[in-house]
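Each remark here refers to the structure printed beneath this line.
In our numbering, the protein residues as written are 20 to 380.
Here it is, written out as structure tokens:
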């Protein structure tokens, strides 16, 4: 779609609707016979209303109201709203062009806050959606949107990525768990990266019949993984930063801090169990060898999930335990494990949601 000279892909379904609108001159073609049929149906409905003898709700508009609705002020307001909307999308397109300069060879910098669009645009330009109904296009794009949601949320929290664009142009149809800006930790998102990468590969294996296009799609998935793995290296959620501060306070790093006044000390005593758990989670660190092993272990688990090697619920329990073990440094303290599980709740639910759709669970 071209807006004020800027190219902006907003999804295959949106492109399809825009093409229809342009080809129809903003009106859907209706034959004279259809017009007469609609007119007759309306006339018949009015006769039935009058014949029923029942009172019907009605609305009347004063002459002043009619004049206002047809006034230049209303028309100007509509034009201004249209201009603002156009500027919003134009600015978004320019922002994506600017972000692309971060790494010109990485296609995901062109839309790091809506990475599903990178996949969908490639499929769209290669005719993947051509034989699909509107409903099928929306379903396919919604799946892509759900799978990249975690990585999109991470990028949006780190960079000014512009508009959030939803599959089918309907945010209500995207998974309600969304992205938890405050709580989703780097370790949980590392699992989501392994998960979404495996899910995207499964999408290609399941839905892309053309071998050449499927190979190109898999190549994009590899670039998606590299793009987000690099961003993850420096990521810390607000909750992690807060936990780190709590850990520093508990360790005595700030002995003269005002946090140790009487009221704060009372709060620490009241919530000591959770604060101790948060302090422990913040103190956990992993060597690069441990990180690599964690990624390999959960990658194997997602392969087992794809193959149905174990029961559905059992697999998700294994994945949750793997995440809790890693983030808690294999702690057996119930409060610490509970805190780690709660912090990862949105991530786990989101992953389970798109895998459920992929595997028709």
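A virtual CB, placed ideally from N, CA and C, is assigned to each residue, including glycine.
- Going by beta carbons, residue 378 and residue 211 fall outside the 8 Å limit.
- Per DSSP, the continuous alpha helix (DSSP H) segment holding residue 357 begins and ends at 353 to 362.
- Distances from the alpha-carbon of residue 254 to those of 140, 200, 231 and 219 put 200 closest.
- The Cβ atoms of residue 244 and residue 216 sit closer than 8 Å to each other.
- About 3 Å separates the Cβ atoms of residue 172 and residue 198, confirming a contact at the 8 Å cut-off.
- Counting only residues of its own chain and dropping the five nearest sequence neighbours on each side, residue 232 has a CB closer than 7 Å to the CB of 145 and 147.
- In the three-state reduction of the DSSP assignment, residue 340 falls in the helix class.
- At the C-beta level, residue 365 and residue 356 stay beyond 8 Å of one another.
- Annotated as distal: residue 136 and residue 223, with beta-carbon spacing of 8 Å or more.
- For residue 156, the uninterrupted alpha helix (DSSP H) run begins and ends at 153 to 177, by DSSP.
- For residue 139, the enclosing alpha helix (DSSP H) has its first and last residue at 135 to 144.
- In summary, residue 319 is exposed, with fewer than 16 beta-carbon neighbours lying within 10 Å of its beta-carbon over all protein chains present.
- Going by beta carbons, residue 32 and residue 156 fall inside the 8 Å limit.
- Taking a C-beta distance under 8 Å as the contact criterion, residue 351 and residue 303 do not qualify as a contact pair.
- Nearest in C-alpha terms to residue 300, of all of 306, 260 and 107, is 260.
- Rounded to the nearest angstrom, the gap between the Cα atoms of residue 248 and residue 292 is 33 Å.
- Look at residue 229 here: in three-state DSSP terms it is coil, with no helix or strand label.
- Inter-residue distance for residue 205 and residue 310 is about 11 Å (C-alpha atoms, whole angstroms).
- With respect to the 8 Å criterion, residue 127 and residue 246 are classified as neighbours on the basis of their beta carbons.
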